[in-house]
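To get the numbering used here, take the position in the sequence shown, counting from 1, and add 28. We put the CB at the ideal spot given by N, CA and C, even for glycine. Owing to the predicted nature of the structure, the values given are computational and were not obtained by experimental measurement.
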Amino acid sequence: MDKFPAQRRGTTSSAVFKSLLGAVLVAIVVSTSLGLSLSHNPLVATKVPINAAQIVQQCQALHVLPGPPKNFHHRTESDRYVAGTPPTLVRNATIWTGRVSGYEVITGDLLIDKGIIQGVGKLRKSALEAYKDLAVIDAAGAWVTPGIVDMHSHLGVDSVPELHGSDDTNSLKGLVLPWLRSLDGLNTHDEAYQLSISGGVTTANILPGSADAIGGQAFTIKLRPTEERSSSAMVLEPPYTLNGTHVDPSLPPRWRQMKHACGENPSRVYSGTRMDTIWAFRHGYDTARKLKEKQDVYCSKALSGQWKGLGEFPEDLQWEALVDVLRGRVKVHNHCYEAVDLDGMVRLTNEFKFSIAAFHHAHETYLVPDLLKKAYGKTPAIALFATNARYKREAYRGSEFAPRILADNGLKVVMKSDHPVLNSRHLLYEAQQAHYYGLPSNLALASVTSTPATVLGYDHRIGFIKPGYDADIVVWDSHPLTLGAAPKQVFIDGVAQLKTPHFNKKPNFFQRVPKTPDFTKEREAAIKYEGLPPLEAKTAKLDVVMFTNVNSVFLRHGEKVRESFSAAKDGDNGVVVVKFGVVSCVGTSFDCSVEEYGSDAQIIDLEGGSISPSLVSYGSHLALHHIDGESSTNDGKVYNPLKADAPSILGDSPVIRAVDGLQFASRDALLAYRSGVTVGVTAPSSSGFLAGLSTAFNTGSPHKLADGAVVQDVAALHIAIDSSTPSVSTHIAALRNLLLGNGEGEIGSLFASVVEGNLPLVIQVQSADIMATLINLKKDIEDRSETNIQLTFAGANEAHLLAKEIGEAGVGVILSPSRPFPGSWKSRRILPGPPLTRQNAFAVLAAHNVTIGIGIEEQWSARNTRFDVAWAALEANGALSREDAIALASVNLERLLGVNTPSRDLVAIKQGSLFDFEGKVVGVISPQRGVVDLILQ
Ligand SMILES: *[C@@H]1O[C@H](CO)[C@@H](O)[C@H](O)[C@H]1NC(C)=O
Ligand SMILES: *[C@@H]1O[C@H](CO)[C@@H](O)[C@H](O)[C@H]1NC(C)=O
Ligand SMILES: *[C@@H]1O[C@H](CO)[C@@H](O)[C@H](O)[C@H]1NC(C)=O
29 MDKFPAQRRG
39 TTSSAVFKSL
49 LGAVLVAIVV
59 STSLGLSLSH
69 NPLVATKVPI
79 NAAQIVQQCQ
89 ALHVLPGPPK
99 NFHHRTESDR
109 YVAGTPPTLV
119 RNATIWTGRV
129 SGYEVITGDL
139 LIDKGIIQGV
149 GKLRKSALEA
159 YKDLAVIDAA
169 GAWVTPGIVD
179 MHSHLGVDSV
189 PELHGSDDTN
199 SLKGLVLPWL
209 RSLDGLNTHD
219 EAYQLSISGG
229 VTTANILPGS
239 ADAIGGQAFT
249 IKLRPTEERS
259 SSAMVLEPPY
269 TLNGTHVDPS
279 LPPRWRQMKH
289 ACGENPSRVY
299 SGTRMDTIWA
309 FRHGYDTARK
319 LKEKQDVYCS
329 KALSGQWKGL
339 GEFPEDLQWE
349 ALVDVLRGRV
359 KVHNHCYEAV
369 DLDGMVRLTN
379 EFKFSIAAFH
389 HAHETYLVPD
399 LLKKAYGKTP
409 AIALFATNAR
419 YKREAYRGSE
429 FAPRILADNG
439 LKVVMKSDHP
449 VLNSRHLLYE
459 AQQAHYYGLP
469 SNLALASVTS
479 TPATVLGYDH
489 RIGFIKPGYD
499 ADIVVWDSHP
509 LTLGAAPKQV
519 FIDGVAQLKT
529 PHFNKKPNFF
539 QRVPKTPDFT
549 KEREAAIKYE
559 GLPPLEAKTA
569 KLDVVMFTNV
579 NSVFLRHGEK
589 VRESFSAAKD
599 GDNGVVVVKF
609 GVVSCVGTSF
619 DCSVEEYGSD
629 AQIIDLEGGS
639 ISPSLVSYGS
649 HLALHHIDGE
659 SSTNDGKVYN
669 PLKADAPSIL
679 GDSPVIRAVD
689 GLQFASRDAL
699 LAYRSGVTVG
709 VTAPSSSGFL
719 AGLSTAFNTG
729 SPHKLADGAV
739 VQDVAALHIA
749 IDSSTPSVST
759 HIAALRNLLL
769 GNGEGEIGSL
779 FASVVEGNLP
789 LVIQVQSADI
799 MATLINLKKD
809 IEDRSETNIQ
819 LTFAGANEAH
829 LLAKEIGEAG
839 VGVILSPSRP
849 FPGSWKSRRI
859 LPGPPLTRQN
869 AFAVLAAHNV
879 TIGIGIEEQW
889 SARNTRFDVA
899 WAALEANGAL
909 SREDAIALAS
919 VNLERLLGVN
929 TPSRDLVAIK
939 QGSLFDFEGK
949 VVGVISPQRG
959 VVDLILQ
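1. Could you work out which residue in Gly947, Leu721, Thr865 is closest to Val927 when comparing CA atoms only?
2. Does the segment 302-320 come close enough to the segment 370-385 that 3 or more CB-CB pairs lie under 8 Å?
3. To the nearest angstrom, how far is it from the Cα of Gly951 to the Cα of Thr929?
4. Under a Cβ-count criterion, where at least 16 other Cβ atoms within 10 Å of its own Cβ denotes burial, should Phe100 be classed as buried or exposed?
5. Can you give me the C-alpha to C-alpha distance between Thr544 and Tyr465, rounded to a whole angstrom?
6. Closer than 6 Å to a non-hydrogen atom of ligand 3 - does that hold for the CB of Asn877?
7. Whole angstroms is fine: what's the gap from Pro480's alpha carbon to Leu921's?
8. Please report how far the alpha carbon of Asp398 lies from the alpha carbon of Pro431, in whole angstroms.
9. When DSSP builds the beta bridges, which residues end up paired with Ser638?
10. For Pro515, does the count of other Cβ atoms within 10 angstroms reach 16, so buried, or fall short, so exposed?
11. For Tyr109, which of Lys534, Thr254, Tyr424, Leu916 has the nearest alpha-carbon?
12. Let me know the secondary structure DSSP gives Ser129 once reduced to three states.
13. Within 6 Å: the Cβ of Ala904 and any heavy atom of ligand 4?
14. Can you check DSSP and say which residues form a bridge with Gly881?
15. Exposed or buried, which one is Asn825 when buried takes at least 16 other CB atoms within 10 Å?
16. Smallest Cα separation from Glu564: which of Lys406, Ala474, Pro730?
17. Are there 16 or more other CB atoms within 10 angstroms of the CB of Thr60, so buried, or fewer, so exposed?
18. Go through its chain and collect everything with a Cβ distance to Thr815's Cβ below 7 Å, but skip five positions before and after it.
19. Among all the DSSP beta bridges, which residues are the ones paired with Phe387?
20. Among all residues, which have a Cβ less than 6 Å from at least one non-hydrogen atom of ligand 1, and in what chain order do they fall?
21. With 16 other CB atoms within 10 Å as the buried threshold, where does Ile953 fall?
22. Does the count of Cβ pairs from the segment 563-577 and the segment 634-641 closer than 8 Å reach three?
23. Between which residues of its own chain and Val705 is the CB-CB distance below 8 Å, once the five residues before and five after are set aside?
24. Leu962 by DSSP, collapsed to three states: which one?
25. For Gly599 and Gly615, what's the separation of their Cα atoms in angstroms?
26. Relative to the C-alpha of Asp352, which residue among Asp696, Thr710, Leu93 is closest?
27. In its own chain, which residues sit with a C-beta less than 6 Å from the C-beta of Glu587, not counting the 5 before and 5 after it?
28. Enumerate, from N- to C-terminal direction, the unbroken alpha helix (DSSP H) stretches of 4 or more residues contained entirely within the segment 201-283.
29. With distance defined between alpha-carbon atoms, name the residue in Tyr497, Asp505, Lys732 nearest to Thr104.
30. Does the beta-carbon of Asp500 have 16 or more other beta-carbons within 10 angstroms, so that it is buried, or is it exposed?
31. Enumerate, from N- to C-terminal direction, the unbroken alpha helix (DSSP H) stretches of 4 or more residues contained entirely within the segment 141-187.
32. If we call anything under 7 Å between Cβ atoms a contact, is Ala246 one with Leu235?
33. Measure the C-alpha to C-alpha separation of Pro754 and Pro860 and round it to an integer number of angstroms.
34. Where does the unbroken alpha helix (DSSP H) through Trp307 begin, and where does it stop?
35. Count the other C-beta atoms from every protein chain shown that fall within 10 angstroms of the C-beta of Asn536, then say buried if there are 16 or more, exposed otherwise.
36. Using a threshold of 7 Å, state whether the C-beta atoms of Thr477 and Pro174 are closer than that.
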């Protein structure tokens, strides 16, 4: 790479050249006077290389730190401006600018043109009159924020739908590979670009994966399609090193980004240990340091005119990027979780004198803020998930309170997606949850806009709403910290991204910041217990518990959920009296008077909160796994009868029962309980085709022998048809054979029950083609047997394509994930919902009277079921009521999974409802166990 080709020599370089000659002359005088040059001809010593000026330039430039050129803010047009983009005026907006520490909100207008923001607030008429073809959007008071910036994404390199050609995230060619560049794998056809834009994401930092200690260089891109349709055209401020272009040498360099990873991932991939990984880092940094020192010696000679024998500038294409890290010109993004690893990295930064821009994932950072402050240079920012934790040892002590705790310690907090680990379309949801668990609203909004923009080094143009900044703007349908907030329009570089945006009317209180609950005690416990605070609920001491100040009460009536009390209808907040775990009075304080019950009752003020049926979780390994990534903590996988026979000791064609592998009191189960999910239904963990018999259990129980721990031994029979090994058609053939009564042993008798309609069959399937085949198969079998098979599709991303047929066939559907993602080819035809489509899959299936449930994929998210159901209902455009929303994760799910001993648990929510970021679950009312459990720290 030639960084400084000769053809671009400007005035600056000739001036440098003159001063260089002066330096050479001085050098000769000095050396002569010291008598050092006697042995050689001074005329030869003064022979200056032909490219001396470039060398001097290069040497002087070595110490220039990155940043925008001085005149950057005088620009009137963006380098990313798309010619022909109409100037746009967004009128009457409520603008969160990101300025003044995230406290500034301006009510007024926003003018964008030439790819940049031209005006914010009260705009002069004369300024507007200058525009002829001004596109005008009436925001009618809507919230507007800067575009969302995702600091940790693999969009385009770990692209979807997943195909063999689509994983360009990790190189396995070594532990230290600073010369690799994520841009070289950036697929411009990833289906997630459009989806993420529809969630308001405008910029993403595309990192290599974490298999290596140094995985390579990252590139920050804008997500919109470009006219050139190239990967390069997406890059924001491409570093000049990217294509070896020489630019005006007086310009400061642009920021570069690099991925580092410590701990488990690199150790695992290279079957080494943490010791090996840190050594690999030290060896790499030592190599870079030696090269840097050579360069510095070379340059001090060149700059003082000692040209003799100087030769070429020491350079090495493999190490130049790491040398740039040592020169403070690279933002280092360090995947690093545990105290032990953070400590190793902090030591490394001090040994080699470089700084880390951010620790990512960083699940233990909130426990060691003082350690983080010892890092060399600037204290690293911390990039986190909100509630995605406990999936491996490194994440086991993760806390939902980490963002707040870190902020309290003065650290910068960023919320990130790690897309496609989390679908970055919903990155804002991470900020919303961080806010719910205590991060102040100004910092929560900043955590996905201005803070990542600043950490990446692009705060001179993105992350804020300010004249002269890139026109990356989102107009929201509700306050961005409310559940389900969705864009009405997204601008990137001033170009509107949503052609025909669809949005729903939200309740009025969604236009303000949610009043989040107080989690002070929980936060303190997280620190006190080093991430493992006790989570068990405590049983109320008194037999009578009175919930006062109740705004609404929802109860189960058979297979429906109904609102039994509402302050709006009944005139005032009410009272719910519970005796021995059974609701004995619901009504006004007149109906259920304190005089009658109060003296012997424990009184709990719900502060305008509510009481609802508890929820059910299905779809993950809840209660079969403690830590997904740690096989020793899990039940393990069952055998796959399509691949091998079961060991004969198991008897004739055995079917495994999940109830036999239940493990109680996992942190995910207890957290689910504390969030109003009191029942889990889990099937054995399949390794293909047959999973086995699911079981229903109480998520709050301490062990299997406790009262009410196992709700139902056997719920349904589960199989999966989503693998192509052996072929999908082979899976279908096996299923047909079993349904025709040709199965042997236990499999045979269970399928006989399925055909008789006595045991529901739950099939994990995403593809509409496979679902269509299954509908035909069901009909064939039922025609022969004259029975009704209870069939449920779980997963069912593509079910909306067959809504009518699924409804007519009487098949139930569990949508999982509830917010669809085209992760694989067989699940790619999703109905994304607003703002891309008018309806979501829930609305379409409900219109065909399909019984719908909601599912999850990973157990950490069981606790978020309340938000999942509320969000599904919000996006269903009126097709689902609040009662229907609760039913998705209670009565419907039980029916679809064959749970015929329904839970009668109720949950008490303080200050709000299950459906918002205001309510907090404080109690579980259990008639079966005859108690009220209190969830208080
Ligand atoms: C701005 O929008 C709000 C909410 O729709 C409305 O009440 C107000 O009158 C509007 N103001 C202007 C200046 O249009
Ligand atoms: C190389 O990068 C520079 C700086 O981003 C850009 O202006 C130039 O167009 C690029 N050249 C080519 C050939 O891509
Ligand atoms: C759904 O059920 C309702 C009420 O039973 C009925 O009126 C409607 O026609 C049904 N819709 C479809 C598409 O079957």
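To lay it out plainly:
1. Residue Leu721 is the option with its Cα nearest to Val927.
2. Touching, yes, given that three or more Cβ pairs across the two stretches are closer than 8 Å.
3. 22 Å
4. By the Cβ-count criterion, Phe100 is exposed, with fewer than 16 other Cβ atoms from all chains shown falling within 10 Å of its own Cβ.
5. Those two C-alpha atoms are separated by around 8 Å.
6. Yes, the Cβ of Asn877 comes within 6 Å of a heavy atom of ligand 3.
7. 39 Å
8. Linking Asp398 to Pro431 through their CA atoms gives a straight-line distance of about 15 Å.
9. Ser580, Ile937
10. Burial call: buried.
11. Thr254
12. helix
13. Annotation note on ligand 4: not contained in the displayed structure, which lists ligand 1, ligand 2 and ligand 3 as its ligands.
14. Ile842
15. buried
16. Pro730
17. With a pLDDT of 34 at Thr60, under the threshold of 50, the modelled position of that residue is not reliable, and no figure is offered here.
18. Val783, Glu784, Gly785
19. Asn362, Ile410
20. Asn120, Ala168, Gly169
21. It is buried - the Cβ of Ile953 has at least 16 other Cβ atoms within 10 Å.
22. yes
23. So the qualifying residues of the chain are Ser642, Leu643, Val644, Ser645, Thr727, Ala890, Arg891, Thr893, Arg894, Ala917.
24. Leu962 falls in the strand class under three-state DSSP.
25. 11 Å
26. Leu93
27. Val919
28. 220-225
29. Selected option, being the one with the closest Cα: Tyr497.
30. buried
31. Listed in chain order, the complete alpha helix (DSSP H) runs (minimum 4 residues) inside the segment 141-187 are 153-157.
32. yes
33. 31 Å
34. 302-331
35. With a 10 Å radius around the Cβ and a threshold of 16 neighbouring Cβ atoms, Asn536 comes out exposed.
36. yes
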